[in-house]
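Asker:
In the working numbering, the protein residues as written are 1456 to 1727.
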C-alpha cells in the first residue's frame, strides 16, 4: 500500500517519500525486480522516468537492474518520444511512465477541465509513441489503476470517531486502510458495526485467504499488512490526521471498485 507498518523500524513507512523507511533499500527488497529477471534472461531494458525522481527510494526499489533515461521536463511529447527512441536503439524492453493524469486527478478530480486537458496530452503522447510501432516493435499502453472522486460529505475522519479507536498505527490510504492493533477481534467488530455497508472490513488472515494480496504472501510481507484491512465501497473514504495531505485530494484510488481496478490494455504493432 501507499503506507504500511515496517517491523524493522517500528513505524509506518510512506512508500513514496520513504519517510521512516529502512536505510538499506537492498535489504528491504524481497525479490529481484522484473528488470533483473529480464537481465537474467539475457534481455536488456531501459526506463524513461523523471530526472528528479532518479535517486528516490521508490525508483531504486522498482527500477533496479535497468538503465534510466531521465526526462528533464513534464508535459512535453517530443522529449519523451526522443528518449524512448534513443532507448529502443540500445535495449529490447523500454518502460515509460506518464504521471500527470494521475496527479491532476488527485488535485482537481476525474472529469475536471484540468484532468481533461491532461487526458488530451496523454492522447497526443500515446499517438506519438504508437508511431514507433512496427512488425518488430510492440507498443503497449495501460494504466496502473483507475480513480474516483470523493465528496466532502463522504469522508470519515478516523480520529474523530470514538468507536474506531484502539489501534496502534494507521496505514494504507484513504480508500484502503490498514489498521494495526493488539485487539483484532474487538476492533474488527467495532469497525464493521460503525462502517456497515460503507466498507468491507477484514482481518489480515481473511484478506490473505481471499486473495487480496495475491496467491502467495511471504513471511516478511505478512506483518506489514494491517491486522485489519478496510476496503471502502462506493465513493466513501477513511481520512486520517496522520496523513494530512490526503485531505486536499479530490480524486482517490486504492479500493476494489471497478472504477479503481479496471484499466485498459492497448497494443500496437509487434506482429512478427
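We put the beta carbon where it would ideally sit given N, CA and C, even for glycine. Since this is a predicted model, take the numbers as computed values, not measurements.
Just the C-alpha distance for residue 1506 and residue 1621, rounded to the nearest angstrom, thanks.
Answerer: As a working mapping, residue 1506 is identified with position 51 in the chain shown. As a working mapping, residue 1621 is identified with position 166 in the chain shown. Rounded to the nearest angstrom, the two C-alpha atoms are 42 Å apart.
Asker: Determine the extent of the beta strand (DSSP E) in which residue 1658 is found, giving its start and end residues.
Answerer: Along the chain shown, one-based indexing puts residue 1658 at 203. Segment 1654-1658, the beta strand (DSSP E) holding residue 1658.
Asker: Can you name, in chain order, every residue of its own chain whose Cβ lies under 8 Å from the Cβ of residue 1651, other than the five neighbours on each side?
Answerer: Looking up residue 1651 in the chain shown gives position 196. So no residue of the chain qualifies.
Asker: What are the partner residues of residue 1702, as DSSP defines its beta bridges?
Answerer: For the purposes of this step, residue 1702 is taken as residue 247 along the chain shown, with counting starting at 1. None; residue 1702 has no bridge partner.
Asker: So, residue 1626 versus residue 1681, is the Cβ gap smaller than 8 Å?
Answerer: For the purposes of this step, residue 1626 is taken as the residue at position 171 of the chain shown. For the purposes of this step, residue 1681 is taken as the residue at position 226 of the chain shown. Cβ distance < 8 Å, so residue 1626 and residue 1681 count as in contact.
Asker: Between the region 1657-1665 and the region 1681-1698, can you find at least three pairs of beta-carbon atoms closer than 8 Å?
Answerer: yes
Asker: Near residue 1546, what residues of its chain come up, given a Cβ to Cβ distance below 6 Å and the 5 sequence neighbours on each side ignored?
Answerer: The sequence position of residue 1546 within the chain shown is 91, counting from 1. Closer than 6 Å at Cβ, skipping near neighbours: 1499, 1500 and 1501.
Asker: Any chance the region 1507-1522 sits against the region 1458-1478, with 3 or more Cβ pairs inside 8 Å?
Answerer: Cβ pair count under 8 Å is three or more, so yes.
Asker: Which partner residues of residue 1631 appear in the DSSP bridge assignment?
Answerer: In the chain shown, residue 1631 corresponds to position 176, counting from 1. According to DSSP, which records beta bridges pairwise, residue 1631 is partnered with 1628 and 1686.
Asker: Is it buried or exposed for residue 1665, if we count other Cβ within 10 angstroms and need 16 for buried?
Answerer: Position 210 of the chain shown, counted from the start, is the residue given in the question as residue 1665. With fewer than 16 other Cβ atoms within 10 Å, it is exposed.
Asker: Exposed or buried, what is residue 1718 when buried is set at 16 or more other beta-carbons lying within 10 Å of its beta-carbon?
Answerer: Counted from its first residue, the chain shown places residue 1718 at position 263. Exposed, because fewer than 16 other Cβ atoms sit within 10 Å of the Cβ of residue 1718.
Asker: Would you call the CB atoms of residue 1535 and residue 1581 closer than 8 Å?
Answerer: Translated into the one-based positions of the chain shown, residue 1535 becomes position 80. Translated into the one-based positions of the chain shown, residue 1581 becomes position 126. No, they are not a contact pair.
Asker: Scan the region 1457-1482 and note each continuous beta strand (DSSP E) run of 3 residues or more that stays entirely inside, going in chain order.
Answerer: 1458-1461 and 1466-1469
Asker: May I ask you to list the residues that DSSP assigns as paired with residue 1526?
Answerer: The residue you call residue 1526 lines up with position 71 of the chain shown. Partner(s): 1505.
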